[in-house]
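S.K.: Handing you a structure now.
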Amino acid sequence: MNKYEYIFSSNIGNIRIEVDDDKIYLLTGTDKKISGSCPNGLAKKVEEEVSDYLDGKLEKFSIKTFYDKTPYVNKVVSEIAKIPYGQVITYKDISDKIKSHPRAVGMACGKNPIPLIIPCHRVVGMSGKLTGFSMKGGVEVKKRLLDLEGIKLN
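Heads up: the sequence shown runs through residues 2 to 155, numbered per the numbering used here.
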């Protein structure tokens with residue numbers, strides 16, 4: 002299967018994705034210039050769904066994701082994928098579920114290759130504190146995404 006890179010503009014900056022014909026492998030912010038035409042149907046669908054999400058029109062992505070990290074990162078990312086729109090959980094909540102440590106969960110969150118679709122922005126510190134976010138723009142973008150979902154923290 003061929004992988005394609007595509008870069009498109011959004012209201013949180015340019016977004017770079019890597020897709021094949023039926024799965025997304027990467028979604029991240031970038032300073033790279035916007036690509037020309039979409040390389041395939043899935044890239045166009047990702048662009049449409051991300052745009053709809055960022056415009057407040059979509060709460061659940063339908064895109065099939067793929068991540069192949071370490072078994073530990075895969076376990077953490079799998080838990081993150083279960084967090085519903087408009088809700089947050091803490092790093093400790095996840096660490097309790099998988100019998101780990103909150104810092105290790107935070108490190109694994111940083112390795113999430115698809116942070117909008119697998120919503121690590123919905124993972125916060127114990128007191129509701131906003132901590133890191135792997136997308137370009139970091140915590141500022143995390144706050145914007147949580148605000149978009151109606152989540153108000155300290």
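We treat Cβ as the ideally placed atom computed from N, Cα and C, and that holds for glycine.
1) For L43, count neighbouring C-beta atoms within 10 Å of its own C-beta (all shown protein chains included) and say buried if the count is 16 or more, exposed if not.
2) Is there at least one non-hydrogen atom of the ligand SAM closer than 6 Å to the beta-carbon of D23?
3) For E150, which option in G87, T132 and G138 has the closest C-alpha, if you only look at C-alpha atoms?
4) From L154 to V124, what does the alpha carbon distance come to, in whole angstroms?
5) Please name the residue, chosen from G138, I115 and I13, that lies closest to Y68 on a Cα-to-Cα basis.
6) Checking 7 Å against the spacing of the C-beta atoms, do K45 and I8 come in under that value?
7) What do you get for V20, buried or exposed, if any count of 16 or more other CB atoms within 10 angstroms of its CB means buried?
8) If you pair each beta-carbon of the region 90-101 with each one of the region 124-136, do three or more pairs fall below 8 Å?
9) Apply the 10 Å Cβ neighbour rule to M120 and answer buried if 16 or more other Cβ atoms are within range, or exposed otherwise.
10) Have a look at G107 and L27 and give me their C-alpha separation to the nearest angstrom.
11) Quick one, which of Y5, N113, C39 and S10 has its alpha-carbon nearest Y73's?
M.R.: Result, derived from the coordinates:
1) buried
2) The model on display carries no ligand, and the ligand SAM is accordingly not part of it.
3) G87
4) 12 Å
5) I115
6) no
7) buried
8) yes
9) As written in the sequence, residue 120 is Pro, which differs from the Met given in the question. Buried, since its Cβ has 16 or more Cβ neighbours within 10 Å.
10) 19 Å
11) N113
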